Amino acid sequence: MDNERNIKRFQCNVFFSSSSQRLLGESSTTRSYNRWLMVLIALLLASTIILTVFFALEKNKKKTKGDDDLCLTPYCIKAANYLLDSIDETVNPCEDFYHFACGTWLKTARIPEDTGVQNIFNLLDTQLDLNIIDLLSSQSPNGTVEPKAIINARNLYDSCINEAGIEVDGVEPVLSIINREFGGWPILQGPSWNDSTFNLVDILLKLRKYDDGIIFSVVTATNQENSSIYDIELGQGTLGLQETEYYNNETDITAAYRQFMTDLAMALTNETSTIANDVSAIYSFEKNISQYHWTESEQRLRDNETIRTHVGNISESFMTNFNFTNYLRQSYLIGNITLLDTDIVSISEVAYLVNISSILQQAPPRVVQNYLIWRFMMNRASSMPRRIRSTREQFDRVFKGTSAEPLRTTTCANYVNDNMGFAVSRLYVQQYFNDIARNQSKEIIKNIRSSMMMMLQKATWMDDKSKTKAIEKAKVIYENIGYPDYIASDNTTQLELMYAEYIFNTSYISNVLQMQQVKAREDFQTLHEVVDHHAWGDLPPTVVNAFYEPSTNAISFPAGILQMPYFNKDAPKYLNYGGIGMVIGHEITHGFDDDGRQYDQDGNRIPWWSNDTISQFNQRKQCIIDQYSNYTVAQIHKNINGEQTQGENIADNGGIKSSFFAYQNWAKENPNVDKRLPGLNKYSEEQMFFIGYAHGWCAKFTDAYAYNRVLTDVHSIPEFRVLGPLSNFAEFDRVFSCTPGQGNSRVNKCAVW
């Protein structure tokens, strides 16, 4: 919610959308998490020692053919340990494979107090956070001249963890901007606020200078029809509570949201006479806006309503009460870009823009000013002194179902990584990443790409021309693995240029405000540049995720995800293919999901399938939508939104198939290479593929977190990311001797690919 940069077309990722939405907070007390972590490490160490001794004794016994099939390397013993601690063999895998693979893990996993969720992804992310903290806390070796980007990343981190300095800075740096630049915040000034100088365009532009896309979103993005150039994207802004549904009913969350407004205002002023009425008016105004806000599902269904025009023709193509032509021209001047009449504009959520323009014209200036500054403050509260941060913390506890804040070091490491990730990644790659992982991943990608091309070839519902083009698209998908080469290069010119304006001092709030202005300028400065289809993208190597970008037809697998349990250079291939292999297959399949299939091999959104093939695809897509819409999250008694999650569900289904077929092909070419794990040797290599795959999605969360996920995320809840794809996969039935219709398995299987 802190990130107001509302970009409509973003990279499709394999993990949770909300995982990257880190809210800047702080911990006043050291939580018990470290104690739990130490206990867990001790238990794992003890288990490993016991297993090692056990298998050493077993090796001294008379060997059998079964013993020869066991993998007894340190990694295999570790993998056996974590899988044995996850599986619940009292559950029939044909009846409920998710609880078979994750049942014991679910019984023992503890949800951290500061996240609202525990899953395999979070465990990896926690380790990554610890690594980043170490890297940013350490000093460069004597005699080493580090890039300025690294120095400023450390300066930013140091200022963030300096809580005493944050208290000294106080609230004045932010309030002075509000009073000097924005025209004040009426809720703090009571009846004395004067609306005579209120100017809507002026205040929106000044907020945009600080990277706030409130009410309207204006960003630079790759042109959909010509992926070699950029265009302007105009659309709806964000909501304080993210989605319309939050405003439709009075809940603990809406009450906590209004309390957040009240508490924040009370912490900043002694003039309290109008606070109650102002808070009520702010909330009513935003609730009114929310009724016109398009959901993810509506954006998919109504994409054909997008208007594509030129700056000089906006007033003719798009009639509203708000002068968007002037607003766009003034916005781009923030980045020192003068718009041309011929610059292309893509206008989405048109009905929203028309309705909100009318609402803004009719609303009292005091209400609009109050709302806009509230949103500005909401997104700055976490960077301010303790008494202000605590107002945000109390809201987050209700909204996310947490009971504590993250450790300050974790919060600050995340903030630096989110904003200077490529500088952080240089340190991480040098210290922690092994290029063997990069090379092995290339081999797995090659095999899964071939598998996907085979699946496309066998798609009998496609006509030959569409099929040939689809295969060609799969063949030329560009791959980014681990990190961009310049990260590890002795030549730091590119890194230095990237962060040339990122110059930070000891004042954290000043650094945050500086950062936001830099980011705002960056949003606009690329408009007249040529798109580099081989560029890494916005997200750095230091993330635990993977991505597909339709406009460049590229897949990316950052260094952060190339680790156990998704990948290990010493792992049996069935674990690597069930782990990172499924992730690779998932991202490749995004090129052929409901959105990706509209882009050709060069990333241009143009018709390239026949109408009959599109019709056949839509029928298969609808099967997936209906299937997932019938899944109920028992914890909160709420169904998955099959329309909202369709793209990720298609990718999950295609990902597991392409990875499994690729593993089968590898196993045929490399017979008897993969050995079984100790304690799990009754399971075949193919069964272990599915067990390893499901383990990667084990997850446990609070009710609030689950509700937020179902409401806002384009991914399904993890349980159904296992059960959904496997229920549609005949090979899973064969491998576990399941009868179609039994438990997991569907009789009428949905199959897009």
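Going by full-length UniProt numbering, the sequence shown opens with residue 1, and the numbers climb by one from there.
In this text, a Cβ means the ideal position worked out from N, Cα and C, and glycines have one as well.
This structure is a prediction, so every number in the text was calculated from the model and none was measured.
{"Check": "Rounded straight-line distance, which links the Cα of Gln664 to that of Val735", "Outcome": "12 Å"}
{"Check": "Stretch-stretch touch, CB-based, cutoff 8 Å, three pairs: the segment 343–350 with the segment 227–244", "Outcome": "yes"}
{"Check": "Beta-carbon proximity list for Val543, same chain, < 7 Å, skipping 5 on both sides", "Outcome": "Pro558 and Gly560"}
{"Check": "Nearest residue (CA-CA) to Asp129, options Phe422, Ala413, Gly655 and Asp463", "Outcome": "Ala413"}
{"Check": "Beta-bridge partners of Asn639, as assigned by DSSP", "Outcome": "Thr632"}
{"Check": "7 Å Cβ shell around Leu340 - same chain, five flanking residues per side excluded", "Outcome": "Val311"}
{"Check": "Cβ-based neighbour list, Met38, same chain, cut-off 6 Å, excluding 5 preceding and 5 following", "Outcome": "Residue confidence for Met38 is low, a pLDDT of 41 falling below 50, so the modelled location carries little weight and cannot support an answer."}
{"Check": "DSSP state of Phe322 mapped onto helix, strand, coil", "Outcome": "coil"}
{"Check": "Where the alpha helix (DSSP H) through Arg308 begins and ends", "Outcome": "First-last for Arg308: Ile307 to His310, but that is the beta strand (DSSP E), not the alpha helix (DSSP H)."}
{"Check": "Thr739 - DSSP class collapsed to helix/strand/coil", "Outcome": "coil"}
{"Check": "Collapsed DSSP secondary structure at Asp134 in the structure displayed", "Outcome": "helix"}
{"Check": "Nearest-angstrom Cα separation, counted from Thr645 out to Gln242", "Outcome": "17 Å"}
{"Check": "Opposing strand residues paired with Leu70 [DSSP bridges]", "Outcome": "Arg676"}
{"Check": "Residues bridged to Val117 [DSSP beta-bridge criterion]", "Outcome": "Phe701"}
{"Check": "His534, buried or exposed, once every other Cβ within 10 Å from all chains shown has been counted against 16", "Outcome": "exposed"}
{"Check": "Candidates Asn505, Ser227, Lys467 and Leu562, of which the one nearest Thr552 by Cα", "Outcome": "Ser227"}
{"Check": "Opening and closing residue of the beta strand (DSSP E) in which Tyr478 lies", "Outcome": "Tyr478 to Gly482"}
{"Check": "Identity of the residues DSSP links to Pro558 by a beta bridge", "Outcome": "Gly482"}
{"Check": "Contact check, Pro572 vs Lys442, beta carbons under 8 Å", "Outcome": "no"}
{"Check": "The ligand ADP heavy atom lying under 7 Å from the CB of Thr115", "Outcome": "Ligands in the displayed structure: none, and consequently the ligand ADP is not present."}
{"Check": "Residues bridged to Leu234 [DSSP beta-bridge criterion]", "Outcome": "Val218 and Ile347"}
{"Check": "Rounded straight-line distance, which links the Cα of Ser290 to that of Leu239", "Outcome": "7 Å"}
{"Check": "Length at least 3, wholly inside the segment 558–615: the beta strand (DSSP E) runs in chain order", "Outcome": "none"}
{"Check": "Assigned exposure category for Glu669 - 16 Cβ within 10 Å defines buried", "Outcome": "exposed"}
{"Check": "Reduced DSSP category for Phe182 - H, G, I as helix; E, B as strand; rest coil", "Outcome": "coil"}
{"Check": "Neighbour-count burial assignment, Met319, 16 or more Cβ in a 10 Å radius", "Outcome": "exposed"}
{"Check": "Cutoff 7 Å; reference Gln189; Cβ partners in own chain excluding five residues on either side", "Outcome": "Glu271"}
{"Check": "Asn708 (DSSP reduced to helix, strand or coil)", "Outcome": "helix"}
{"Check": "Neighbour-count burial assignment, Ala42, 16 or more Cβ in a 10 Å radius", "Outcome": "With a pLDDT of 46 at Ala42, under the threshold of 50, the predicted position of this residue should be treated as unreliable, and no value is reported."}
{"Check": "Own chain residues within Cβ distance below 7 Å of Asn447, not counting five before or after", "Outcome": "Ala662, Asn665 and Trp666"}
{"Check": "Three or more C-beta pairs below 8 Å linking the segment 415–424 and the segment 146–155", "Outcome": "yes"}
{"Check": "Delimiting residues of the alpha helix (DSSP H) encompassing Phe660", "Outcome": "Gln646 to Glu669"}
{"Check": "Environment of Thr274 [buried if 16+ CB atoms lie within 10 Å]", "Outcome": "buried"}
{"Check": "Extent of the continuous alpha helix (DSSP H) to which Phe97 belongs", "Outcome": "Phe97 to Thr108"}
{"Check": "Beta-carbon spacing of Val398, Ala276 below 8 Å", "Outcome": "no"}
{"Check": "Sequence-distant residues of its chain with Cβ nearer than 7 Å to Asn223 (five each side left out)", "Outcome": "Ile229, Tyr230, Asp231 and Ile344"}
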